Amino acid sequence: MSGKKHLIYNPEKECMSRDEMHAWQSAKLAETVRREYENVPMYRARMDAKGVKPEDIRTVEDLKYLPFMEKTDLRDYYPFDLLASPRSEIVRIHGSSGTTGKPIVSGYTRNDVDVWSEMMARTLTAAGCTKDDVVQVAYGFGLFTGGFGAYQGADKIGAMVVPMSSGNTQRQIMMMQDLGATMLCCTPSYATYLGETIREMGLAPGKDIKLKAGCFGAEPWSEAMRVRIEELLGIDACDIYGLTELGGPGVAFNCLEKDGMHINEDHVIAEIIDPATGEQLPYGEKGELVFTSITKTGMPMLRYRTHDICSLTDKPCACGRSTIRMSRITGRTDDMLIIRGVNVFPSQIETVLVKTQGVAPHYMLVVDRVNNSDTLEVQVEMTEEMFSDTVGQIENVRRYITEQIKSVVGISAKVTLNAPKSMPRSEGKAKRIIDNRKL
Ligand code: DLL
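According to this note's numbering, the sequence shown is numbered sequentially starting from 1097.
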C-alpha cells in the first residue's frame, strides 16, 4: 500500500459490488448485441454463421459465443459500414494511422463522447486531479484520441486545461513554468524527453516546475521507464490505456497505487484469450486482451481483439475501487519479434537499457536477416557523462548491456552505443523497431 490519498470521480460506478457490476454488464451487453445485430449487416451475418441469435446473449458468461472483431474489419468496412447508429447521430470521427495505407476510423455519437469524457475524468481524478489543477495536454490533437481525450476529461472535472498538443518542447516548458502546470498528459517517451530537457535547462522540479502527476500512455513502456520519469520530473507517473476503437484513452488507468490499471468495467468488458486458440484464459494468465464496448452506440466493438498482451486481476486494490485491473501491456502479438526462434518483446530490452547507468532511454531495435540467420542490433544513446569516459569504460558498458540482453531475453544482440542526442526524439508514439526482414 502506498499510503497515498485516493480520489474517486464516480464512486457509485467505480466501487459497485461485483454482483451489481455483473448485472449491469449483462444487461448492457444484451442491449448492445441487439443493436449491433439489427444495424450492422456484417456482424449479423457473422452471428448467423455461428448460429447465435441476440436472445442467446443474456449474461457476461454468454460473451464467449460471440464472434470476434478485428482491426482488419475496420479496414474492410471503412469508413462507415460498421456504424450501428444513423450517420446523422455521429458527432465526431477519430482514427489511428496504421502502418499501411488508410487510417482506421471510428464514429462517435454524443453519447460516446460523453462516455469517453467520463472515463477520462475518472482517469485524471485517479492520478490526483481536481478542479484546482492546471492540466497541460501534450498529446497530439487531431484524429488521434490522446489530445481530445485528456482535454475532455480535465474539462469535465473543471480543471484549467492547457491544450498545447505535442511538440515544440521549449515553448511547452515555458508554458509549464508560466502557468504552473500541475498535471501533464503525453506519451511516456515524450515525458522522458521533456524531463531531460527540463533538467538540461537547469530547472528544478518542485521549484521551477510544479508538476505533481502525469497520465502517460498510447505506447508500451516499462516499470523502469516509470521510475526514470518520476525521478526526472518529480511526479507520480500513471499509466493510461485506451484505443480509438473503444473510445480513446481512459479505457483503463492507474490509481496512485500504480499496481495495474483499473478497467472502466461499466463501459467495457475485458477478456484475456489465448491468441492461438481464441479460448478465454483465467485471471492471472497472460494473453491477448479482448474488449467489448457495452455503452457505445456509434460503432460498438464486440469481442474486439486488441493484439495487446497483458493479464487481468480481480484482487482488491487499496484505493477502494472494485473494478478489475489489467497489467501493464508487455507487448503486442504483432510487435513480438521472433528472432532465431526466440520471442522477443521490445519492453524486455527497454527494461535492460533503462536500468543501465550511462545510457539514455532512446533506443532502436534493428532486425535483419544475414545468411539466412536473424540478426538483432540494439542501438542506444550514451549520456553526456558516459560519452566523455574512456574507450575502455564505454566498452565495459557495451559488454554489460550485451550480457544482460542475453540473460534476460535469451539471444545475442549486437549493441551499438551512439553519441548523445544523435537518435530521433519522439513527440508522439515512439517508433522502436526497424524490421528489415519484412522489406
Ligand atoms: O493510443 C489511445 C490513447 C491515447 C491511449 C493516449 C492512452 C493515452 P490508438 O492510437 O488507437 O489509441 O492506439 C491504441 O496503443 O492497442 C496499444 O497497443 C497502444 N497503447 C495505448 N495505451 C497503451 C499503454 C491510443 N498504456 C494502441 N501501454 C493500443 C501500452 C498502449 N500500449
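Built from N, CA and C at the ideal position, the CB exists for glycine as well. Note that the structure is predicted; figures quoted are calculated from it, not measured.
Item                                                                                                                                                                                              : Value
Note down the Cα distance separating residue 1446 from residue 1459, rounded to an integer number of angstroms.                                                                                   : 8 Å
May I ask whether a heavy atom of the ligand DLL can be found less than 7 Å away from the beta carbon of residue 1405?                                                                            : no
For the segment 1425 to 1434 against the segment 1401 to 1417, do three or more pairs of beta-carbon atoms, one drawn from each stretch, fall closer than 8 Å, so that the two count as touching? : yes
In angstroms with no decimal places, state the Cα-to-Cα distance between residue 1202 and residue 1173.                                                                                           : 11 Å
In whole angstroms, what separates the C-alpha of residue 1312 from that of residue 1147?                                                                                                         : 42 Å
Do you know how far the Cα of residue 1489 is from the Cα of residue 1118?                                                                                                                        : 58 Å
Closer than 7 Å to a non-hydrogen atom of the ligand DLL - does that hold for the CB of residue 1446?                                                                                             : no
Specify the secondary structure class of residue 1179 as computed by DSSP and reduced to three states.                                                                                            : coil
Please list, in chain order, all residues of the same chain as residue 1291 whose beta carbon is under 7 Å from its beta carbon, the five residues on each side excluded.                         : 1325, 1328, 1329
Contact defined as beta carbons within less than 8 Å: I believe residue 1576 pairs with residue 1342. What is the distance between those atoms, to the nearest angstrom?                          : One cannot answer for residue 1576 here, as it falls past the ends of the chain, which runs 1097 to 1535.
Check whether the segment 1218 to 1236 touches the segment 1098 to 1107, taking contact to mean three or more Cβ pairs, one atom from each stretch, closer than 8 Å.                              : yes
Following the continuous beta strand (DSSP E) through residue 1146, name the residue where it begins and the one where it ends.                                                                   : Here residue 1146 belongs to no beta strand (DSSP E); instead the alpha helix (DSSP H) covers 1137 to 1146.
Hey, would you say the C-beta of residue 1442 is under 7 Å away from at least one heavy atom of the ligand DLL?                                                                                   : no
Do we get a CB-CB distance below 8 Å when we pair residue 1177 with the residues of chain B?                                                                                                      : Of the protein chains in this structure there is only one, and it is not chain B.
Pick out the complete beta strand (DSSP E) segments inside the segment 1326 to 1360, 3 residues or longer, and give them in chain order.                                                          : 1332 to 1339, 1344 to 1350, 1357 to 1359
Indicate whether the contact test is met: 3 or more Cβ pairs, each with one atom in the segment 1181 to 1188 and one in the segment 1357 to 1366, closer than 8 Å.                                : no
Measuring only the C-alpha atoms, how far is residue 1168 from residue 1413?                                                                                                                      : 36 Å
If you count every other CB in all the chains shown that lies within 10 Å of the CB of residue 1453, and 16 or more means buried, which is it?                                                    : exposed
Please classify residue 1505 as buried or exposed, where buried requires at least 16 other C-beta atoms within 10 Å of its C-beta.                                                                : buried
Nearest to residue 1388 by CA position, among 1129, 1479, 1438, 1492, is which residue?                                                                                                           : 1129
Identify every run of the alpha helix (DSSP H) within the segment 1381 to 1460, keeping only runs that are complete inside it and at least 4 residues long; order them along the chain.           : 1442 to 1450
Assign residue 1154 to one of three DSSP states: helix, strand, or coil.                                                                                                                          : coil
May I ask you to report which of helix, strand or coil DSSP gives residue 1465?                                                                                                                   : strand
May I have the straight-line CA-CA distance separating residue 1338 from residue 1348, to the nearest angstrom?                                                                                   : 7 Å
Please determine, among 1425, 1355, 1497, 1449, the residue with the shortest C-alpha to C-alpha distance to residue 1386.                                                                        : 1425
Can you list, in chain order, the stretches of the alpha helix (DSSP H) that have 4 or more residues and sit fully within the segment 1472 to 1505?                                               : 1480 to 1483, 1487 to 1505
Between the Cα of residue 1122 and those of 1485, 1159, 1244, 1298, spot the shortest distance and give me the residue it belongs to.                                                             : 1159
Hey, is residue 1315 close to the ligand ADP, as in C-beta under 7 Å from one of its heavy atoms?                                                                                                 : Absence of the ligand ADP is noted for the structure shown, with the ligand DLL being the only ligands found.
Please determine, among 1392, 1437, 1151, 1322, the residue with the shortest C-alpha to C-alpha distance to residue 1310.                                                                        : 1322
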